[in-house]
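See below for the structure under consideration.
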Amino acid sequence: MEVDIQSLETFNQLAYEGSQQATAMLAQMTGIQADVEVTKITLMDRDDIGEELAGQSFVGIGFDLEGALVGDTTLVFEEACTGPIVEALPGGAAGDELVESSVEEIGNIMMSGFIDGWADFLGATIEHSPPQYIEATGADVLPDADDPNEQVFVFKSHIEWPGEDLHFYIYMLPAYDRLTELMADSGTGDDAVPVDKLSMFNEMTKEGTATAAANVTQMTGIETDAEVTQISFAPVEDVPKQVDNKAYVGTAVEFSGTPSGYLMILFDEESAMNVAEALMPMEPDGEGFTDMHESAIEEMGNIMTSGFIDGWANVLETSVDHTPPRVVHDMGRAIIDPLAAQVGQHQEHAFIIESHMQTDDLEFGCEIHALPDDAELRQALDDLDVARKDETEPDVERIFE
Amino acid sequence: MSEVLIADDSEFMRNLLREILEEDHQIVGEVENGVEAVEVYKEQRPDLVMMDIVMPIRDGIEATDEIKNGDPEATVIMCTSVGQEEKMKEAVKAGADGYITKPFQKPSVIEAIEDAVGA
Amino acid sequence: MKVYDSSTGTASSPEQERVKVGIAEYEVTTSDETLTTSGLGSCLGVALYDDAAGVAGLVHVMLPSADGVEDPNAAKYADTGIETLLLEMERAGADRDRIRAKVAGGSDMLDFSENGSGIGVRNMQQVEATLDDLGVPLVSDDVGGDHGRSLRLDGASGDLMVKSANKGSKTI
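Below you can see the structure in the form of structure tokens.
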């Protein structure tokens, strides 16, 4: 099945406009002016969806979609949102027993707003089930997976209510086969990406993430877990929104070959400190984040970068070079924006290859973001030989006999 | 005891290699790019070069190629984070005598050196 | 059949004091609100204000010029972003002859271009050229360097506070 870039753009735009429409419905009912921060379409393991929600309490309103589009959609509100939303309703400040039904009704109306645009675009109807009210922590607010290891597309919108610093989210999880058929049908056939190979590329990247994580463990003794790898598609101006604006320390490189692009390895400040000190053979001179810390992070970034991209090169039987790493210590979005801008000189939308890893015991979190040139990524997918997809390791025996 | 030249753009990595090597070997120089590696090699003629691949100005494979062209007896061990088969082939073609991938453990470095220059 | 909806009856929104301007977006205020934008790397924040009319605006642009781009998002580019912001401000009561500009951002961090003319620099060149074409004086700027910035424009005074991750903050 081939899906062209144009239909990825179109479907991402439908999800964005649907989210705006849903948010406008909320504004009409409650006067709450929220903004759709970002909408992206992501291909990832079904089981990893909602991983970014971990640890927080949510109220979800779930719907089944039937008709032209089949699947599940959930409106996910931070628990703290529901009080102000209900109060803002005409005749608000309802008793507790009315909260649930009020939120359900708001969800119902928002959902109609969300899917109308899709139905119009597809020239068909989409039915949604009555709302199901769910209170849960983390990803449990989303529907259970039938097949946790299956790779699926998910449309995620992040909506912010600036006055209150509250957030809510829309997750649409369409049935994979139906969605890819729709996308294939709506395309023009130009610049097509073979969808199955995109999944395969994701698998290769997952190996790369595992290698980078193993590098961390070998070098620092820090055991990482909860690794997540995904590939997203978004307008280039939304790319910086993939990263939090808190301070990060990390490295950036330009890589060249098939594909070429930019890659960042980012640690939050505390994790960077922990990693650097675990690497250093001796106590650092001086206080805080010293030059020695920086040099340790530089080398960590260098090794993780190779660990991450070598698998692509080995499967594709090519080489992917990268520049020496440049160390950065700055606001997250300021780090990624020059790279998004460089990619944005040639393309309106970008694929974002993204991995996260963290640990439970020690403060350690690391994000890897790669921005490939999309024409070259398509070339890489074309070149991808299905039979070689597991050959991420070099055949050392054969080279150094 | 062999004379060793370390070529790596990372100060951190040079320190680490020095720690591992200085017990049994004499470090005759530490350089940060392929151009300096070739220059210092020509001056010092060390027994062994520990050569990173990804370095600014000139990469380690090109530097190895030039060192080996000037002195076929030279011993160069690549010491790099790059684990790509095509790169390894390029390194072999340039004449590399060994290939250590980072992150490494001390025993693998010592073993690679023993294999390349003899104990 | 006429469809009745509530789109004409939108409830009034609570007053917001701080308005966030996202990347490739702009906002105009006529009520002395504070406009903020964050995480500028090679991007530029262009602030325009007309003291007398009490109109201020901020646009967060990413690339120099929309030339040759089909159906561009105007606020993504320096040239079309400034033009659009200026028109919106005039519509809100600002007078072009009184509008002044302040600019911040355009860092050359992580510029991998080989020829030394990175996007941050080219963004600033385009901003200067566009302001010049429109006859809007650039009264102060804080651009370049190798660090990111976040901005806060005081709609009442036109003061632009520039904050960086490691280099403190200043008002221009």
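Chains G, U and Y supply the protein sequences, listed in that same order.
Be aware that the first sequence starts at 1, since it is given in UniProt numbering, and climbs by one per residue.
Be aware that the second sequence starts at 1, since it is given in UniProt numbering, and climbs by one per residue.
Be aware that the third sequence starts at 1, since it is given in UniProt numbering, and climbs by one per residue.
No residue lacks a Cβ here, since even glycine has one placed at the ideal position from N, Cα and C.
Is it buried or exposed, residue i, if we count other Cβ atoms within 10 angstroms and call 16 or more buried?
{"i": "S157/Y", "result": "exposed"}
{"i": "P235/G", "result": "buried"}
{"i": "D47/U", "result": "buried"}
{"i": "A340/G", "result": "buried"}
{"i": "T8/Y", "result": "Low confidence applies to T8/Y: its pLDDT is 37, below 50, so where it sits in the model is not reliable enough to give any reading."}
{"i": "P324/G", "result": "buried"}
{"i": "N166/Y", "result": "exposed"}
{"i": "K170/Y", "result": "exposed"}
{"i": "K93/U", "result": "exposed"}
{"i": "N69/U", "result": "exposed"}
{"i": "A124/G", "result": "exposed"}
{"i": "D48/G", "result": "buried"}
{"i": "M304/G", "result": "buried"}
{"i": "R398/G", "result": "exposed"}
{"i": "S242/G", "result": "Before going further, note that residue 242/G is Gln rather than Ser in the sequence given. Q242/G should be labelled buried."}
Identify every residue that forms a DSSP beta bridge with residue i.
{"i": "H158/G", "result": "V38/G and Y169/G"}
{"i": "S101/G", "result": "According to DSSP, which records beta bridges pairwise, S101/G is partnered with nothing at all."}
{"i": "H60/Y", "result": "G45/Y"}
{"i": "D142/Y", "result": "A104/Y"}
{"i": "D321/G", "result": "S256/G"}
{"i": "D330/G", "result": "Y248/G"}
{"i": "L263/G", "result": "V253/G and A370/G"}
{"i": "T180/G", "result": "Beta-bridge pairing links T180/G to no other residue."}
{"i": "E30/U", "result": "I6/U"}
{"i": "L43/G", "result": "F153/G and I231/G"}
{"i": "M111/G", "result": "Looking at the DSSP assignment, M111/G forms no beta bridge with any residue, so it has no partner."}
{"i": "C79/U", "result": "I100/U"}
{"i": "L17/U", "result": "BP columns for L17/U are empty, so no partner."}
Using the C-alpha atoms, what's the distance from residue j back to residue i?
{"i": "G208/G", "j": "A370/G", "result": "12 Å"}
{"i": "S164/Y", "j": "D330/G", "result": "8 Å"}
{"i": "P194/G", "j": "T188/G", "result": "14 Å"}
{"i": "T220/G", "j": "Y248/G", "result": "19 Å"}
{"i": "A313/G", "j": "K389/G", "result": "11 Å"}
{"i": "E19/U", "j": "I335/G", "result": "34 Å"}
{"i": "Q28/G", "j": "S102/G", "result": "15 Å"}
{"i": "R98/Y", "j": "C43/Y", "result": "26 Å"}
{"i": "L58/Y", "j": "L86/Y", "result": "10 Å"}
{"i": "P394/G", "j": "E85/U", "result": "5 Å"}
{"i": "T10/G", "j": "T75/U", "result": "57 Å"}
{"i": "E66/G", "j": "D120/G", "result": "15 Å"}
{"i": "I110/U", "j": "Q345/G", "result": "48 Å"}
{"i": "G257/G", "j": "C79/U", "result": "22 Å"}
{"i": "R333/G", "j": "A252/G", "result": "13 Å"}
{"i": "F308/G", "j": "A52/Y", "result": "56 Å"}
{"i": "A119/U", "j": "V54/U", "result": "Because A119/U carries a pLDDT of 45, less than 50, the predicted location of this residue cannot be relied on, and no value is offered for it."}
{"i": "T290/G", "j": "I77/U", "result": "31 Å"}
{"i": "residue 413/G", "j": "D196/G", "result": "Residue 413/G lies beyond the stretch modelled for chain G, which goes from 1 to 401, so this question has no answer here."}
{"i": "A7/U", "j": "D111/Y", "result": "26 Å"}
{"i": "D5/Y", "j": "G113/G", "result": "Legend: pLDDT at D5/Y = 48, less than 50; position of this residue unreliable, value from coordinates given subsequently. Cα to Cα, D5/Y sits roughly 12 Å from G113/G."}
{"i": "D225/G", "j": "A75/Y", "result": "40 Å"}
Restricting to Cα atoms, I'd like to know which of the options is closest to residue i.
{"i": "V69/Y", "options": "E367/G, L377/G and H349/G", "result": "H349/G"}
{"i": "W118/G", "options": "F201/G, Q13/G and N215/G", "result": "Q13/G"}
{"i": "G98/U", "options": "E90/U, K106/U, A112/U and S81/U", "result": "A112/U"}
{"i": "F351/G", "options": "F364/G, D373/G and I368/G", "result": "D373/G"}
{"i": "Q21/G", "options": "S157/G, E203/G and G62/G", "result": "S157/G"}
{"i": "V100/U", "options": "A94/U, G83/U and K93/U", "result": "It is Ile, not Val, that sits at residue 100/U in the sequence shown. Measuring from the Cα of I100/U, the nearest candidate turns out to be G83/U."}
{"i": "M124/Y", "options": "L63/Y, L160/Y and F112/Y", "result": "L63/Y"}
{"i": "residue 404/G", "options": "F114/G, G50/G and V154/G", "result": "Shown here, chain G extends from 1 to 401; a query on residue 404/G therefore has no answer."}
{"i": "S10/U", "options": "D47/G, M111/G and E294/G", "result": "E294/G"}
{"i": "T130/Y", "options": "D95/Y, L48/Y and G155/Y", "result": "L48/Y"}
{"i": "E114/U", "options": "K89/U, Y41/U and H25/U", "result": "H25/U"}
{"i": "I117/U", "options": "P103/U, K89/U and E73/U", "result": "The sequence shown places Val at residue 117/U, rather than the Ile named in the question. Of the candidates P103/U, K89/U and E73/U, the one whose C-alpha sits nearest the C-alpha of V117/U is E73/U."}
{"i": "R326/G", "options": "G311/G, A80/G and G301/G", "result": "G301/G"}
{"i": "E376/G", "options": "I368/G, H167/G, D361/G and V343/G", "result": "V343/G"}
{"i": "M109/Y", "options": "E17/Y, G39/Y and L160/Y", "result": "G39/Y"}
{"i": "residue 439/G", "options": "E317/G, M280/G and I170/G", "result": "Lying before the first or after the last residue shown, residue 439/G is absent from chain G, which here runs from 1 to 401."}
{"i": "Q105/U", "options": "I353/G, N215/G and I297/G", "result": "N215/G"}
{"i": "I353/G", "options": "E79/G, I41/G and M25/G", "result": "I41/G"}
{"i": "D360/G", "options": "S271/G, G31/G and T137/G", "result": "S271/G"}
Would residue i count as contacting chain A if we go by Cβ distances under 8 Å?
{"i": "H329/G", "result": "Any reference to chain A falls outside this structure, whose protein chains are G, U and Y."}
Consider the C-beta atom of residue i and the heavy atoms of the ligand HEM; say whether any pair is separated by less than 7 Å.
{"i": "Q342/G", "result": "Looking at this structure, you won't find the ligand HEM or any other ligand, since it has none at all."}
So within the region 79-138 of chain Y, which uninterrupted alpha helix (DSSP H) runs reach at least 4 residues, ignoring any that extend past its ends?
119-134
Can you give, in chain order, each stretch of the alpha helix (DSSP H) that sits fully within the region 14-90 of chain G and has at least 4 residues?
79-88
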